[in-house]
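K.L.:
Our numbering puts the first residue of the sequence shown at 13, with every later residue one more than the last. Every residue, glycine too, gets a C-beta built ideally from N, C-alpha and C. Just so you know, these numbers come straight off a predicted model, no measurement behind them.
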Amino acid sequence: MKLMVLDGNSIVNRAYYGVRTMLKTRDGLYTNAIFGFLNILTKLLEEEQPEAVCVTFDLHAPTFRHKAFDGYKAGRHPMPEELKMQIPVLKDVLDQMNIPRYEKEGYEADDLIGAISRRCEAEGWECVIVTGDKDSLQLITDQTRVKLVTTSMGASTSRDMTRAVFVEEYGFEPIHMIDLKALMGDASDRLPGVPGIGEKTALSLVRMYGSIDRLYDAMPDIVIAPETPAKPGMVKKLAAGEESARESYYLATIVTDVPDFSFTPGDNLRQEPKQGLYDLFLRLEFTKLIEKFGLAPVQKKCAEHQAIAAAVEQVRTADQAERLLALWRGADHVSLLALPDLTGVAVCCAPSEDVAVLTELFFDRYEGDWNALLQTLFSADIKKVSHHVKDLMRLLRENNLPAEGFVFDTALAAYLLDATAGSYELERLFVAYFNEELPQPLYREKDAFSMLGDTVQAEASFESYTTAVEALYEPLRKELEQAGMHALFYDIELPLCAVLADMERAGCRVDAVELTKFGEEMAARTAEKEQNIYAMAGEAFNINSPKQLGAILFEKLGIPPVKKTKTGYSTNAEVLDKLRYFYPIVDEILAYRQYTKLKSTYADGLLKEIRTDGRIHTNFQMTVTATGRLSSTEPNLQNIPTRTELGSELRRMFVPAAGCVLVDADYSQIELRLLAHISGDEAMQEAFLSGEDIHATTAAHVFGVPLDQVTPAMRRSAKAVNFGIVYGISAFSLSQDIGVSVAEAKAYMDNYFARYQGVKRYMEAVVQSAREKGYVETLYHRRRSMPELKSSNFNLRSFGERVALNMPIQGTAADIIKLAMVRVDCRLRRELPGARLVLQIHDELIVECPEEAGEQAKAILQEEMMRVAKLNVPLIADAHIGKNWLDAK
C-alpha cells in the first residue's frame, strides 16, 4: 500500500511562482496557484497511483522553533496577497475532493509529514513525500522517498529521491541532512549554521564524520578528506560556531513524534469527490478540470439556457426550409454552428426574449437541394452570429459557398475583452458568463453522426453549443460597447475574418524542387561540419546531446565553462556565442546547428506542408497573442529566418503562380514612429518629419558625436537602444545585446532619455496609468489587462512594467496593419480582381498578382498602408516587386 503526502505550502508556492500568467476569474479571484497545484496533484496521482493521499499545511501561528529562536524565518517576505487569497479556496477544493488535510498549531507542515511518514512505515506502508523543499530529504528511508517538484513557465517536473539516489548524490545517509544544514545553515529559514562554513566544506565534513557529534568529538584534529587536515582557520570557525551549529541542528530537525497528532494511513484512502466540487470548479472557471475529473451537475440547465433552447425543429423538406429562411431573413440575427464537413448546420433564431427556435439541418435528412439551401443561408441576406467566424468562412469558400452576412463572432469578442485568457472556447465562456457547464462537444467528433457514433448525444451537444452562441451574443456585444471597442471589432477584427479566410485558402506557392535542393545542400554541409567537429574533438560523439557535448568541450578540451545547470554544463547558443571567437570547434558546432535546423525545421518541414496545388496554406490565428498580432501556424511562416544569408535564401523558394509576381510592402520603423506619435516627443517627431536616419540621429546623441562621424557600429548600437526602449529593456540586457559594460549601457540610455525626454515621460505615465486602470490600450482601444503590476512578486511586477511599455506600441502596430489589410483587400477586389493578399508577416504584406499588374498592386499597397492612420509623423511603407519573396523584399 502506498500513501502520498503533499507539502501544501511548498507546492502551492511553486505553483504560484511557476506560472507567469496571473489567471483570474471574471469576478476577480486569482486562480493560478490553485490551478497549478491541481495540475501537479493530478499528474502525480496518475504517475504514482497511491491508494491514499493527504496534504499538510502550515498555520500562521508561531511554532516551537519560533519560540526557541527569535530569528527563525525572520525577514522572509510576506506571502503575496494574490497568493494568500487562494489558500482558503484551495483548502475548500481539497475538502470537496475528499482529500484529507492536516495542520497543527505549534508545528510546521514538515513535522506533520515526518509523523505521517513514520506512521506509514510502522504499518508497512510505502510513503511518498511531495515537496519543493529539501528539508524533507532527512526523512528518506527504504520505505519513504521524496519527490522534489520544480515548476517553471507553467510546467512542473519532479525528481525521485530514494535512499540510493540520495546516498549516491550526497555521500552520506539521508538522516545526516540535518547535520549538513547545522553546519552550512539555511538562509531561507535563517538558520545560522557555522559562520564561514559553506556548502562545499559542510558536505566534506559530513561525508567524513557523519554527524556533528562525531565531528566535534574529533576536534581539533579534524580532516576534510582522507589525509587532508583541516586548515587552522576552519578549525577555529568550527570551534567558535559549535553552539550555533547545535542550535541549527535542533531547528533543522523535523519532528516525527508530534504530540496529540493521530494519524492512520487507512483513513486517507482515495475517494470520489463530493458533488460540491463541480460547483466550485465552475466558480473557478476550471472547465478542463471538470472534464478531466468527469464531474457533472445535479441540474444540467440554467434558466437562461432553458429559455433559449425552448423549441427544436429539424428541417426535412424544401417547404420547411423556405419558411425558415424567410423568417431568418427578417430576423435581427441568427446564431449558428456548422459541422466540420458542412453536412449539418444548427441555427438558433430568437425573435423575442421569450421565444426561440433551434433548427437543425442535416444533409442526409434533407429532401431538397442541400447546396441551394446553404447558398441562401450563408448569403448576405441573413445576418449571422457564430464562433470562430474566420474558420467557418474558409470552410465555406473551400466548398465554393458564399461566406457573407456574418455580423458577430463570439470568440473574437471574448478575445478582445480579455486578451490574456488563453482560451475562448464556448465551454469556458459559458461557465464564465452563466456559471453553467456545456456537455461534451460530441458533435465535433469525426464519426459523431455516423452509425459508429452516438447520434442522439451528438445532436444534443450540437443544440447546446448553438444556443450557447446565442446566449453569449448579447452580453459580449454590450461589453464591447462599454469598453469602447465597437470600432475595433466592427471595422478591423470582423472584416479581417474574410480577408484571412481568403489568404488561407489561397496559400503561398513554394518551389518544391529548389527547396529539396536546399535541403540536400544543408545535409551535405551538416555532414562536413560533423566530421570537422569529430576531428577537432578527437572522437565521434552525439553532437546533439548537451551532456556529451559539454563533456567534450569543458572536460576533454578544457574550455572554461560559462554556465552550469542542474543537469550539467550549459551548451546553449548564448554560451557558445561567447566562446566561438576563441575556440574554432565552437564555431563549427554553431554552424552545424544552423545547417541542421535549416534542414529539419525549414527544408524538410516546409516540404511536408506543400499540398497538391503546390502551395502552403498556413493558418492565421486571431485569438492567440495578447498584443493583437496575428499568429501563423501549421506551418509558422512568420519565423522564416532573415538574419543570416542562408536563412534568407529560404524566401527565394516562395514564388508566385505562372505569369505572376510577388509584391512585398513593409512598414518602415513603424514601432518607433508610433513611439514618437504616442509619446509626443518633439525631438523624435522632428527626426521623422525631416526624413533623418533615426538610428544615426540617436547614435549621434547617445555617443556624443556629430552626425557625420557616426560609424556603422555606433548606428547598430543605437538601433538596439531604439528598439530596446520600446520593449522596456534594462541596462543589463542592453549591455548583453551590444557587448558593452552595464555602466556603458546605462550611460547610453541616460543620453537617450536626455535627448528624448518625451519618451521618458511617456514611459513613466503609461506604467502609472496601467497601475491605476488595471490595463493598457492601443490607439484603437485594444486592451490588455495588467494584473502583474499589482503583484508583490518583483519579477512578475517587472515583467508587467515591460509589457505595459510595449503593448500600446506593438498593439497599435498590429491594429494598423490589420486595418490596412482590410482596405488593401477591398481595393484589390475592386480594381485588380486578379491580385490577392497571400501573406502577412507582422509589419509586412505580400500580394500575388499578374506580372503586368505589379506596379498597380505596388501603388495600392503603399497608398493604403501609408494613409490608413493619421499620425504626427509620416507612416512609410517600402514596396518592391520580384519573382520570389527574397527578390521582392
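With a CB to CB cut of under 6 Å and the five nearest residues on each side skipped, what residues in its chain are close to Leu95?
P.N.:
Once the five neighbours on either side are set aside, the close Cβ partners of Leu95 are Tyr28 and Ala45.
K.L.:
Could you tell me which residues DSSP pairs with Ile861 in its beta bridges?
P.N.:
The sequence shown places Cys at residue 861, not Ile. Answer is Val673.
K.L.:
Please list the segments of the alpha helix (DSSP H) lying wholly inside the region 806-880, counting only runs of 4 or more residues, in order along the chain.
P.N.:
Here the runs fully enclosed are 806-843 and 866-878.
K.L.:
Are Pro285 and Asn110 closer than 7 Å when you measure CB to CB?
P.N.:
Contact flag set, yes.
K.L.:
Helix, strand or coil: which one does DSSP assign to Asp154?
P.N.:
Three-state result, Asp154: coil.
K.L.:
Please identify the residue among Val105, Asp70 and Thr156 whose C-alpha is closest to the C-alpha of Glu115.
P.N.:
Ranking Val105, Asp70 and Thr156 by Cα distance to Glu115 puts Asp70 first.
K.L.:
Give me, in chain order, the residues of the same chain whose beta-carbon lies closer than 8 Å to that of Gln61; leave out the 5 immediate sequence neighbours on both sides.
P.N.:
Here the set comprises Lys14.
K.L.:
Given that a residue counts as buried once 16 or more other Cβ atoms are within 10 Å of its Cβ, and exposed if not, what is Lys490?
P.N.:
Counting Cβ neighbours within 10 Å, Lys490 comes out exposed, since fewer than 16 surround it.
K.L.:
Would you list the one or two residues that DSSP bridges to Phe375?
P.N.:
Bridge partners of Phe375: none, in fact.
K.L.:
Contact check, Ala264 vs Lys193 under 8 Å by CB: the rounded distance?
P.N.:
With a Cβ gap of about 4 Å, Ala264 and Lys193 count as contacting.
K.L.:
Relative to the alpha-carbon of Ile236, which residue among Met220, Glu843, Phe76 and Tyr228 has its alpha-carbon at the smallest distance?
P.N.:
Of the candidates Met220, Glu843, Phe76 and Tyr228, the one whose C-alpha sits nearest the C-alpha of Ile236 is Met220.
K.L.:
May I ask you to report which of helix, strand or coil DSSP gives Asp720?
P.N.:
In the structure shown, Asp720 sits in a helix (DSSP, three-state: H, G or I).
K.L.:
Just checking, does the region 194-213 make contact with the region 251-266 on the three C-beta pairs under 8 Å criterion?
P.N.:
Touching, yes.
K.L.:
In the DSSP assignment, find the unbroken alpha helix (DSSP H) run with Phe744 in it and report its ends.
P.N.:
First-last of the alpha helix (DSSP H) with Phe744: Ala743 to Ile750.
K.L.:
For Lys830, is the classification buried or exposed, using 16 other Cβ atoms within 10 angstroms of its Cβ as the cut-off for buried?
P.N.:
Buried is the call here.
K.L.:
Which residue's Cα is closest to the Cα of Asp855: Gln780, Gln650, Ile750 and Pro352?
P.N.:
Looking at the Cα atoms, Gln650 is the closest of the given residues.
K.L.:
Taking the beta carbon of Met231 as the centre, do at least 16 other beta carbons fall within 10 Å, making it buried, or is it exposed?
P.N.:
Met231 comes out exposed.
K.L.:
What is the DSSP secondary structure of Ile190, counted as helix, strand or coil?
P.N.:
Ile190: helix per DSSP, three-state reduction.
K.L.:
Please report the distance separating the alpha-carbon of Leu386 from that of Asp616.
P.N.:
Going from the Cα of Leu386 to the Cα of Asp616 covers about 39 Å.
K.L.:
Which residues does DSSP list as the beta-bridge partners of Glu325?
P.N.:
According to DSSP, Glu325 bridges with Thr371.
K.L.:
Mind checking whether Asn734 and Leu684 have CB atoms under 7 Å apart?
P.N.:
Yes, they are a contact pair.
K.L.:
With DSSP collapsed to three states, give me the class of Gly570.
P.N.:
In the structure shown, Gly570 sits in coil (DSSP, three-state: anything other than H, G, I, E or B).
K.L.:
Taking the CB atoms as reference points, tell me whether Ser391 and Leu348 lie closer together than 7 Å.
P.N.:
Going by C-beta atoms, Ser391 is not nearer than 7 Å to Leu348.
K.L.:
Are Gln155 and Glu138 close, meaning C-beta to C-beta below 7 Å?
P.N.:
Contact: yes.
K.L.:
Check the C-beta distance from Val327 over to Leu336 and give it rounded, since I have them as a contact under 8 Å.
P.N.:
The pair is a contact, with the Cβ atoms about 6 Å apart (cut-off 8 Å).
K.L.:
Based on the DSSP output, what are the partners of Ile141 in its beta bridges?
P.N.:
Ile141 is bridged to Val17 and Val158.
K.L.:
State whether the region 285-295 contacts the region 426-434, with contact taken as three or more CB pairs (one from each stretch) at a distance under 8 Å.
P.N.:
Touching, no.
K.L.:
For Phe700, tell me which candidate among Asp827, Gln874, Arg655 and Pro886 has the shortest Cα-Cα distance.
P.N.:
Nearest option by C-alpha distance: Pro886.
K.L.:
When the distance is taken between beta carbons, is Met534 closer than 7 Å to Lys611?
P.N.:
In this structure, Met534 lies closer than 7 Å to Lys611 by Cβ.
K.L.:
By the DSSP assignment, the alpha helix (DSSP H) with Ala45 in it spans what residues?
P.N.:
Taken as a continuous stretch (DSSP letters only), the alpha helix (DSSP H) holding Ala45 covers Asn44 to Glu60.
K.L.:
Are the CB atoms of Pro820 and Met34 within a distance shorter than 7 Å?
P.N.:
No, these two residues do not count as a Cβ contact at 7 Å.
K.L.:
On the three-state DSSP scale, how would you describe Lys611?
P.N.:
Helix at Lys611.
K.L.:
With DSSP collapsed to three states, give me the class of Glu120.
P.N.:
Note: Glu120 maps to coil in three-state DSSP.
K.L.:
Buried or exposed: where does Ala315 fall if 16 or more other Cβ atoms within 10 Å of its Cβ makes it buried?
P.N.:
For Ala315, the predicted model reports a pLDDT of 37, less than 50, meaning its position is unreliable; a value from the coordinates is still stated below. Exposed, by the Cβ-count rule.
K.L.:
In terms of DSSP beta bridges, what is Ser398 paired with?
P.N.:
Partner(s): Asp421.
K.L.:
Is the distance from the Cβ of Ala832 to the Cβ of Val880 below 7 Å?
P.N.:
Going by C-beta atoms, Ala832 is nearer than 7 Å to Val880.
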